[in-house]
Amino acid sequence: MKKPFIHALILCFTLMTVLSACSSGNSSKTITFWTPLTGEDGAFMDQLVKNYNATNPEIKVKHVVTADMYTKISTVLSTGKDIPDLAIIHADRVPGFVKQGKLEAMTGIMAAQPELKEENYLPQAWNTGNIDGVQYTVPLDIHSNAMYVNKDLLAKYGVEHWLDDNNVTVDEMLELQGKMEEGQYVVNDALIGWVMLAQIQNLGGDIQVDGKPAVDSDVFRQAYTSVKKIADAGLMTPFGEDGFLMFQSGNVLFSTDGTWSSTAHAAVEGLNLGVTNIYSVSPDKFTNRSSSHLFAMFENEKRADEKEAGIGQFLEFIRQNSMEWAKAGQIVASKQVIESPEYKNYMQSFFTSNDVQTQSLYIYTYEHYPYIQEAVDTYTADLIRGNIDLDETLATMQKFVEDKIAENESSGAK
Amino acid sequence: MKKAITPYLFVGPHLILFIVFILLPTIYGIYASFTQWNLMNDPQWVGLANYKTILFDTESTFHTQFLNGLKNTLLFVLLSVPLLIVLPLMAAVALQHKYVRAKGLMQSILYVPGLISISAAALIWLLIFNKQLGVTNNIFGSEAAWQATQPYAWIIIIVMTIWGGLGGNLIIYRASLAGVARDLYEAAEIDGAGSYRKFFSITLPSINFPLIYTFVMTTAGAFNVFGQPLMMTDGGPRQSTHVLMMYIRSLAFGHGESIAGMASAMAVLLGIVILIISALQYYVMNRSAR
């Protein structure tokens, strides 16, 4: 009888140990730094943190790649336990977190580190963290929609001149209607939702009017109608096919994916690769829909002043030493980095090569932008293939966004 | 004293895990379904408002999502469950045959896919059905864009589900078949019974309880389908494979601020559907088995 009792006690003890291990407290000697960088970019951030820790700072940084980070952030914010000292969040999350009063202003950190200021960063990346004159974030990068070019294919079809003004228009693309070899296409449909949101800017419109979402609008209608022409003309990779792969296998002139894909495309043997802006429905304007990774501190009374000082030092280190981040294909936000000659070796330097290019990087900062992006992502592929009615779907998308806003406006009161 | 405590200590770990990870979250989830909640602020009590919207407000996006999600989930259940019962049963009966060699190996081959994560399995199957690289299109000459057209989108989801789910039920059937007395078959053979007669009159009635168990559990599991349509088709084309769990997840943990109250209400409704169907299945099968 003694043995089972002891076994049972051991079992219970083990379970208690396992359960208690589920929660790990924040040490005062490390800055806990959460990021949602679950892809290859997580390794580049690891290296950056390692480089910083090698400088022997008083408080070291512990990088924690956190899958499903926003869900976990919600959990720790509601319990008030294990809130990370520092985190990377996306630009479109800032207005929501600020509205909820969950972000701490960077004011103190900026006072301690005077070089952490607007002039030293790409303006869009900096401003996306500024709400009502208060700076809540310090930017790491801009990651943008980009249009990769198969230069050999462009030459084959004699349309290299399309790149002269770095604005490939829908009308130009339509010139190749009926002229493509079987199995070859002008453009794929990768990140097509981002492409559509760029067209809204190209047409001089916006996704909101007076703070209300404006999806069921003429500008959206015009954008979809124009892009649909490419698919109708048989110039877009067929619905449901792997357009990314088709580009890499040399059968598509343009691929509309992200700056971070440059390394993957560059690794393809025999692909004569170039990069330009996302195609435009307007000959006068081009836009590359972008987002930004931003350093932010969530509200946490327990965060000591020494830690804030350590965070400031870390952010200043990143500002000066984030060339490593360019390897991940991202447009580094620090001007010191992007103005250095070494940065020119990276393909994404194209997007900051002059003022016009820099201005083409557009980050939506509308409070309810994530819902609009979700609606656009859900319906765009079917809309541009004509699988669903445009007017009806735009009304559905508008309702989709409005219903979600209505729900969280009543639950989001502070 | 020790005698009195020991059983509780053995049951304790499971009880603690059950309370912490199942009972409390379930109770809180039911409570959340009566609130509007963005996961960060305190939930605001709204009574039955979420249920009213989901069930009766035909104009609401949430009503449309719930109906579409439930329809697609039911379709998945109807397509997958019979196959997940019949195919493992056939495989188990086939493996019982005296001329079949390497039974353990065959069983392992059928069981291993169930151990592979859905994401990894989806990558394999997506490559198999890839129009440029895939076996289906290059060797078998199919012209279909599998993910983007129906009924192919459902076919690839079901194929992957069967591939991954066959082994679990197979093991249960194999174990139950091993327990069926051989002399019953011998007696039937003497009476001149053929293979079909033996299967329907001896095998099936003998493994009645495992059959009920697998039927109920497979159905409940199929209602909770999430990974396969998410990875294989992302709910497309035209949201025709967008199952309820995908809507629930995207409402609670998707883009922007969470709409967790509404998501919880949908989850509770799904739970009720599963409960009713499982109870019905159990009742009907148990009664006909008597």
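Same order as they appear, the protein sequences are chains A and B. Counting along the first sequence from 1, when you hit position 273 you're at 273 in the numbering used here, and nothing is skipped either side. Position in the second sequence (first residue = 1) + 1000 = the numbering used here. Ideal placement from N, C-alpha and C gives every residue a C-beta, glycine not left out.
- For His-1255(B), the nearest CB of chain A lies under 8 angstroms from its own CB, placing it at the interface with that chain.
- Only exposed fits Phe-1209(B), as fewer than 16 other CB atoms lie within 10 angstroms of its CB.
- Beta-bridge pairing by DSSP links Gly-258(A) to Asn-145(A).
- If you draw a straight line from the Cα of Thr-1006(B) to the Cα of Pro-1082(B), it comes to about 43 angstroms.
- Chain-ordered, the chain B residues with CB closer than 7 angstroms to the CB of Leu-77(A) read Met-1040.
- For Arg-1197(B), there is no enclosing beta strand (DSSP E); the enclosing alpha helix (DSSP H) has its first and last residue at 1195-1198.
- Within the stretch 1055-1141 of chain B, the alpha helix (DSSP H) runs of at least 4 residues that lie entirely inside it are, in chain order, 1061-1096, 1103-1111, 1118-1128, 1135-1138.
- When C-alpha distances from Gly-1235(B) are compared across Phe-1199(B), Met-1266(B), Phe-1215(B), Gln-1150(B), the shortest belongs to Gln-1150(B).
- Interface residue (Cβ-Cβ distance to chain B less than 8 angstroms): His-265(A) is not classified as such.
- Look at Gln-1036(B): its C-beta is under 8 angstroms from a C-beta on chain A.
- Boundaries for Ser-340(A): no alpha helix (DSSP H) harbours it, and the DSSP string shows neither H nor E there.
- Remark: fewer than three beta-carbon pairs, one from each stretch, lie closer than 8 angstroms, so the stretch 242-251 of chain A and the stretch 121-128 of chain A are not flagged as touching.
- With respect to chain B, the C-beta atom of Tyr-279(A) has no partner C-beta closer than 8 angstroms.
- Ser-249(A) belongs to the set of residues whose beta carbon lies under 8 angstroms from a beta carbon in chain B.
- Between Thr-263(A) and Ile-278(A), the gap from beta carbon to beta carbon reaches 8 angstroms or more.
- For the stretch 1144-1157 of chain B, the beta-carbon criterion of a distance under 7 angstroms to any beta-carbon of chain A is satisfied by Ala-1145, Gln-1147, Ala-1148, Thr-1149.
- About 5 angstroms separates the CB atoms of Pro-1088(B) and Leu-1166(B); that is less than 8 angstroms, so the two are in contact.
- Residues Thr-1219, Ala-1222, Phe-1223 of the same chain have their beta carbon placed closer than 7 angstroms to that of Val-1077(B), with the five preceding and five following residues left out of the count.
- Val-168(A) carries a coil assignment under DSSP once its states are collapsed to helix, strand and coil.
- Closest in alpha carbon position to Thr-79(A), among Glu-299(A), Lys-307(A), Tyr-364(A), is Glu-299(A).
- Here Pro-114(A) is exposed: its Cβ has fewer than 16 other Cβ atoms, across all protein chains shown, within 10 Å.
- Taking a Cβ-Cβ cut-off of 7 angstroms, the neighbours of Met-1262(B) in chain A comprise Glu-407, given in sequence order.
- Between the stretch 1253-1273 of chain B and the stretch 367-381 of chain A there are three or more inter-stretch CB-CB distances shorter than 8 angstroms, so the stretches are counted as touching.
- Cβ proximity to chain A below 8 angstroms picks out Asn-1130, Lys-1131, Gln-1132, Leu-1133 from the stretch 1114-1133 of chain B.
- Annotation for Ser-291(A): the continuous beta strand (DSSP E) segment containing it runs 288-298.
- Closest option to Phe-1215(B), judged by alpha-carbon separation, among Val-1086(B), Ala-1175(B), Ser-1108(B), Asn-1130(B): Val-1086(B).
- Between Ala-375(A) and Ile-192(A), the CB-CB gap reaches or exceeds 8 angstroms.
- Between Ser-261(A) and Tyr-362(A), the gap from beta carbon to beta carbon reaches 8 angstroms or more.
- Residue pairing of Leu-86(A) in beta bridges, as defined by DSSP: Phe-33(A).
- Residue state for Pro-1013(B) is assigned as helix, using DSSP reduced to three classes.
- Taking 8 angstroms as the upper bound for CB-CB distance, Val-76(A) and His-63(A) are not in contact here, some 17 angstroms apart.
- At least one C-beta of chain B is nearer than 8 angstroms to the C-beta of Tyr-371(A).
- Taking 8 angstroms as the upper bound on Cβ-Cβ separation, chain A lies near residues Val-1020 of the stretch 1019-1033 of chain B.
- Against chain A, the CB of Phe-1062(B) has a partner CB under 8 angstroms away; the residue lies at that interface.
- Per DSSP, reduced to three states, the secondary structure at His-63(A) is strand.
- Counting only Cβ-Cβ distances below 8 angstroms, Ile-1259(B) has contacts in chain A at Lys-404, Glu-407, Asn-408, Ser-411, in chain order.
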